[in-house]
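What follows is a short report on a single structure.
In our numbering, the protein residues as written are 2 to 526.
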């Protein structure tokens, strides 16, 4: 898909000449604007004791080679590993100049703490809002200020007052998923996990009625929705790499994908509203908290309902599905870790015909399983790359000067990219084997002081509200899968070496190769 996407982006035609002219105008405007602000920023930098961070140098004017490399790595599914390489060469914090704009990249826990928490008011979402608007509209992921705070207040009850029902929902969906797996057959678990997490998210948002529609037409529409959502997200991922030039990343495939996604969500919301109205007229009271019920008390505006629900559908489906995929891939690749998980599950809730369904308390006792998931989220954080933009001229606490300990100036409007994927692989934080899968590194609180060096779910006021639910869903799914199928075998021809695999970078990082495994009830011969 990425190759087809890129083939459409830069046609060698009159359009290319127009684009080139626009780029020249953008560069000229940026240069003028930069000169106007430079004097004030220089004085501010002196007052704060700032020093430059290492410069990630470009070889071509305006950093066009850096832009070309970004797209090359996008086509080759190696963007995250490229940022690891950049960080190792340039240091924890670096500057870059792209089309006349200065940007900063960082893997410094101290800098991330400043951006996400201590200096939260100094930064906003920057270009994310226009970059994501075509797909997500105005929602919790694209809002600022009072609108964002209001959206967060609507979300909180879903993850606090609804815990019992949420766990029961997970259990039913996991049983349904496992019943469809053919023992001993090579199975790509990635799309199965994505369907599982979509089902649980639909129930959370809209209740049982919508999520349990399983006619062939319903299944086909969900598949079309999933495919279109993936396509649209790839476009958004490319947009994030070009900042305010996001409008260049567009075209009929993006428009068609957004129409398909929006049509599906609109229909689901319509059905949910009808079901909610019927339920109220019959019983007179709601039996449980359902997000759509709370939202329609605020508005019945179809656009508002769609934007909010779609953002949650995306987050609920993608993050946990990616976590599940990477976890079982890693366990299959590391038999000693899989055996530890299997033995732990067996000792607490049993395997096979002697097994009982794990309770929440059982899952808490599965220490090694939870450490394996935690280690997976270190190596493959759901959102591996993110960024903020300065709302005013400010500083990062470290990264400047020869020793990297001086503050770094961040001018108003400049972007700070925080590279969680690369930070999680820093050897000075996690040891020489930082790129290896070793759940034991977390035992005995060995990394209790890692702080902002471990951020699978973000931090600060915008931290993920659903992280507890995501961990619960992941732990239950893997524990129950281990009970049904205690043995996982990697399919022939699959290369699962960490850091060498091809990755799909949308708003999360998933496997471009899927998750081809053989699940069996007995040890393979």
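All residues carry an ideal CB built from backbone N, CA and C; glycine is no exception. Bear in mind that the values here come from a model prediction, so they are computed numbers and not experimental data.
Exercise for the section: May I ask you to report which of helix, strand or coil DSSP gives residue 477? Expected result: Taking the first residue of the chain shown as position 1, residue 477 is located at position 476. Three-state DSSP puts residue 477 in a helix.
Handout entry: Residues that residue 512 bridges to, as DSSP identifies them
Key = Looking up residue 512 in the chain shown gives position 511. In the DSSP output, where bridge partners are listed per residue, residue 512 has 504.
Exercise for the section: Could you say if the segment 319–327 and the segment 425–443 meet the contact criterion of at least three C-beta pairs nearer than 8 Å? Expected result: no
Handout entry: Helix, strand or coil at residue 80 according to DSSP, with G and I counted as helix
Key = Numbered from 1 along the chain shown, position 79 holds the residue referred to as residue 80. Helix at residue 80.
Practice task
Just list the beta strand (DSSP E) runs in the segment 364–445, keeping only unbroken ones of 3 residues or longer that don't cross its boundaries, in chain order.
Solution key: 386–391, 395–401, 407–411 and 416–420
Handout entry: Beta-carbon proximity list for residue 60, same chain, < 6 Å, skipping 5 on both sides
Key = For the purposes of this step, residue 60 is taken as the residue at position 59 of the chain shown. If we look at residue 60 and ignore the five residues flanking it on each side, its Cβ neighbours are 66.
Handout entry: Best match in 97, 314, 40 and 340 for proximity to residue 64 [C-alpha to C-alpha]
Key = The sequence position of residue 64 within the chain shown is 63, counting from 1. Taking only the C-alpha atoms, the option nearest residue 64 is 97.
Practice task
Locate the beta strand (DSSP E) running through residue 186, then write down its first and last residues.
Solution key: Counting from 1 along the chain shown, the entry for residue 186 is found at position 185. Careful: residue 186 lies outside any beta strand (DSSP E) and carries neither H nor E.
Problem - Minimum C-alpha distance to residue 533 - residue among 483, 78, 259 and 424 - result: Any question about residue 533 goes unanswered here, given that the chain covers just 2 to 526.
Exercise for the section: State the Cα-Cα distance for the pair residue 122 and residue 395, rounded to the nearest angstrom. Expected result: Counting from one through the chain shown, the residue named residue 122 turns up at place 121. Counting from one through the chain shown, the residue named residue 395 turns up at place 394. Between residue 122 and residue 395, the C-alpha separation is close to 10 Å.
Handout entry: CB contact flag (residue 476, residue 314, <9 Å)
Key = For this step, residue 476 is matched to residue 475 along the chain shown. For this step, residue 314 is matched to residue 313 along the chain shown. No, Cβ-Cβ distance for residue 476 and residue 314 is not below 9 Å.
Practice task
With DSSP as the reference, please indicate the residues paired to residue 95 in a beta bridge.
Solution key: As a first step, residue 95 is located in the chain shown; it is residue number 94 there, counting from the start. Paired residue(s): 106.
Problem - Strand pairing of residue 1, partner residues [DSSP] - result: Not covered by the structure: residue 1. The range shown for the chain is 2 to 526.
Practice task
Would you identify the three-state DSSP class for residue 488, choosing helix, strand or coil?
Solution key: The residue given as residue 488 occupies position 487 in the chain shown. Strand, per DSSP.
Exercise for the section: Under 7 Å Cβ to Cβ from residue 447, same chain only, skipping five residues before and after it: list those, please. Expected result: Stepping through the chain shown from its first residue, residue 447 is reached at position 446. Closer than 7 Å at Cβ, skipping near neighbours: no residue.
Exercise for the section: Just mark residue 339 as buried or exposed, buried being the case when its beta carbon has 16 or more other beta carbons within 10 Å. Expected result: Counted from its first residue, the chain shown places residue 339 at position 338. Label assigned to residue 339: buried.
Handout entry: Rounded separation between residue 190 and residue 489 - CA only
Key = What you label residue 190 is simply residue 189 of the chain shown in a count that begins at 1. What you label residue 489 is simply residue 488 of the chain shown in a count that begins at 1. Residue 190 and residue 489: Cα-Cα distance of roughly 11 Å.
Problem - Among 79, 152, 276 and 94, nearest to residue 296 - alpha-carbon criterion - result: The residue you call residue 296 lines up with position 295 of the chain shown. Ranking 79, 152, 276 and 94 by Cα distance to residue 296 puts 152 first.
Handout entry: For residue 127 and residue 388, believed in contact at Cβ under 8 Å, the rounded distance
Key = Translated into the one-based positions of the chain shown, residue 388 becomes position 387. Translated into the one-based positions of the chain shown, residue 127 becomes position 126. Yes, residue 388 and residue 127 are in contact; Cβ-Cβ is about 6 Å, under 8 Å.
Handout entry: the ligand HEM heavy atom lying under 8 Å from the CB of residue 397
Key = Annotation note on the ligand HEM: not contained in the displayed structure, which lists no ligands.
Problem - Three-state class that DSSP yields for residue 143 in the structure shown - result: Your numbering for residue 143 matches position 142 in the chain shown. Correct three-state label for residue 143: coil.
Practice task
Can you tell me which of 185, 467, 186 and 179 puts its alpha carbon nearest to the alpha carbon of residue 196?
Solution key: Residue numbering aside, residue 196 sits at position 195 when the chain shown is read from its first letter. Cα-wise, what sits closest to residue 196 is 179.
Handout entry: Whole-angstrom distance between residue 403 and residue 508, CA atom to CA atom
Key = Taking the chain shown and counting its residues from 1, one reaches residue 508 at position 507. Taking the chain shown and counting its residues from 1, one reaches residue 403 at position 402. So the two alpha carbons sit approximately 34 Å from each other.
Problem - Expected contact under 8 Å - CB spacing of residue 107 and residue 417 to nearest Å - result: Here residue 107 refers to the residue found at position 106 of the chain shown. Here residue 417 refers to the residue found at position 416 of the chain shown. Correct: roughly 6 Å between the Cβ atoms.
Exercise for the section: Could you tell me whether the Cβ atoms of residue 406 and residue 392 are closer together than 9 Å? Expected result: Here residue 406 is taken as the residue at index 405 of the chain shown, counted from 1. Here residue 392 is taken as the residue at index 391 of the chain shown, counted from 1. Cβ distance not < 9 Å, so residue 406 and residue 392 don't count as in contact.
Practice task
Give me the Cβ distance between residue 132 and residue 263, rounded to the nearest whole Å; I'm assuming they're in contact under 8 Å.
Solution key: Here residue 132 refers to the residue found at position 131 when the chain shown is read from its first residue. Here residue 263 refers to the residue found at position 262 when the chain shown is read from its first residue. Not confirmed; about 17 Å, so no contact.
Exercise for the section: Within 10 angstroms of the Cβ of residue 309, are there 16 or more other Cβ atoms? Answer buried if so, exposed if not. Expected result: Against the chain shown, residue 309 aligns to sequence position 308. Residue 309 comes out buried.
Exercise for the section: With distances taken Cα to Cα, identify the nearest neighbour of residue 150 among 170, 462 and 467. Expected result: If you number the chain shown from 1, residue 150 lands on position 149. Ranking the options by Cα distance to residue 150, first place goes to 462.
Exercise for the section: Report the residue from 255, 400, 68 and 320 whose alpha carbon sits nearest the alpha carbon of residue 105. Expected result: Position 104 of the chain shown, counted from the start, is the residue given in the question as residue 105. It is 400 whose Cα lies nearest to the Cα of residue 105.
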